[in-house]
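S.K.:
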Amino acid sequence: MVFDSFDIKSLIRPVIDFPKPGVIFRDITPLFQSPTALRLVMDSFAHRYVEAEFTHIGAMDARGFLIGSILAYQLNKPLILFRKQGKLPADVLAEGYQTEYGEAFLEVHADSLCEGDSVVMFDDLIATGGTLIAAANLIRRMGAKVHEAAAIIDLPELLGSQRLEDMGIATFCLTQFSLSEK
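Counting in the UniProt record's numbering, the sequence shown tops out at residue 182, every number present.
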């Protein structure tokens with residue numbers, strides 16, 4: 001199936017006023033409930049990265065885990081988990097960041113990467129870019145580099161993709177929504 005012939009936007013459910021009034025949450029669970037859509041999304045990402053030169057897949061807690069684990073399997077790459085604070089059992093590096101809802105911390109095992117490694121980071125969407133920027137900072141602190149940041153959805157009005165680009169990190173998203181689009 002050709003990606004253009006299938007409208008993944010129709011399978012991304014808008015949830016009005018979640019998690020707070022005025023926010024339209026982009027719920028990807030209907031997309032994951034469609035075997036055709038899930039295969040199309042994962043195959044699109046796999047096609048983009050199958051010949052790319054990078055060493056690891058980085059997945060953001062929690063919806064990024066869904067994407068990253070499938071792609072790590074498909075592309076035969078090690079999977080690095082970037083978790084919310086307090087979820088990893090071994091020595092960690094932590095990075096604070098701002099979300100559209102407040103402040104949070106992202107952690108990764110301190111021995112996950114080393115100099116010379118290159119990571120494609122995955123999340124479900126890019127909003128303000130806080131999570132992916134924190135992950136990029138952690139990757140760089142371990143001496144590795146970011147190959148690209150990827151997501152299913154971009155919310156360009158929140159400037160996350162622009163912030164990543166300003167850091168020298170290329171971004172790739174399969175679709176985008178305006179903040180008012182329902």
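Quick reminder that beta carbons are idealized off the backbone N, C-alpha and C, glycines included.
Compare the C-alpha of residue 85 against each of 77, 76, 97 and 78 and name the closest.
M.R.: With distances taken between Cα atoms, residue 85 lies closest to 97.
S.K.: In chain order, what residues of the same chain have a beta carbon less than 6 Å from the beta carbon of residue 18, not counting five sequence neighbours either side?
M.R.: Same-chain partners within the cutoff: 25.
S.K.: Who are residue 56's beta bridge partners in DSSP?
M.R.: Partner(s): 119.
S.K.: Taking only runs of the alpha helix (DSSP H) that begin and end inside the stretch 46 to 109, which ones reach a length of at least 4 residues, in chain order?
M.R.: Taking only runs of at least 4 residues, the alpha helix (DSSP H) segments lying wholly in the stretch 46 to 109 are 63 to 75.
S.K.: Measure the alpha-carbon distance for residue 91 versus residue 8 and round it to whole angstroms.
M.R.: If I take the Cα positions, the gap works out to 39 Å.
S.K.: Residues bridged to residue 162 by DSSP?
M.R.: Partner(s): none; residue 162 has no beta bridge.
S.K.: Tell me the DSSP secondary structure of residue 155 in three-state form.
M.R.: Residue 155 falls in the coil class under three-state DSSP.
S.K.: Expressed to the nearest angstrom, what Euclidean distance is found between the alpha-carbon atoms of residue 5 and residue 89?
M.R.: Legend: pLDDT at residue 5 = 41, less than 50; position of this residue unreliable, no value from coordinates given.
S.K.: Buried or exposed: residue 130, going by 16 or more other Cβ atoms within 10 Å of its Cβ?
M.R.: Flag for residue 130 reads buried.
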